[in-house]
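A short write-up of the structure that comes next.
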Amino acid sequence: MSNDHEILADRLNAEPAIFKGCSSSELGMIVGLVIVIWLPLSLLLAWLLGAITMGFGIAGVGVVATVVVLATLFQRIKRGRPGGYYQQWLRIRLQTMGLYRTPWVLRSGSWDIGRTHYAPLPTRNR
């Protein structure tokens, strides 16, 4: 009788949270976006101050601080919500601004089959 136990899960329904409720793909997205913003901004600021290498230090501190703040924000947004909630929320928000088209029906109200009184009816095959 073997007493070996598997400590790793065979199947996962979602990516595990690794930092402040964010998965590795979410953290990668946050870090990538933050680097794209902080690096040029800090290098420009350091160039204006006359010390270009200081820009990398400013970018490093800015990236870490912003990742912690955004991960905390994501943690609050995701708390008590189903998986994928914020992705759907973001897509719907982008559609309301006219920047993205979602594949979901977002209209509420009464629906009609679209026929009018004068529409011809199709003939039946007997």
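Taking our numbering, the leading residue of the sequence shown gets 540, the next gets one more, and so forth. Beta carbons: idealized from backbone N, C-alpha and C, even for Gly.
Between the CA atoms of residue j and residue i - distance to the nearest angstrom
i    : j    : result
L566 : V600 : 16 Å
Q614 : S564 : 14 Å
G619 : N552 : 17 Å
T641 : R632 : 10 Å
Run of the alpha helix (DSSP H) containing residue i, from where it starts to where it stops
i    : result
K559 : That residue, K559, is in no alpha helix (DSSP H); it is neither H nor E in DSSP.
M636 : Premise fails: M636 is in no alpha helix (DSSP H) and is neither H nor E.
V607 : 591-617
Nearest-angstrom beta carbon gap, residue j and residue i [assumed within contact, 8 Å]
i    : j    : result
G594 : L584 : 7 Å
V644 : V606 : At roughly 36 Å, the Cβ-Cβ gap does not stay under 8 Å, so V644 and V606 are not in contact.
L578 : A598 : 5 Å
R630 : Y639 : 6 Å
For residue i, three-class secondary structure by DSSP
i    : result
E565 : helix
G623 : coil
A553 : coil
P579 : helix
V644 : coil
Candidates the options, of which the one nearest residue i by Cα
i    : options                : result
G623 : F558, P661, S562       : S562
K559 : I576, V608, G648, L580 : V608
A556 : V575, A610, S581       : A610
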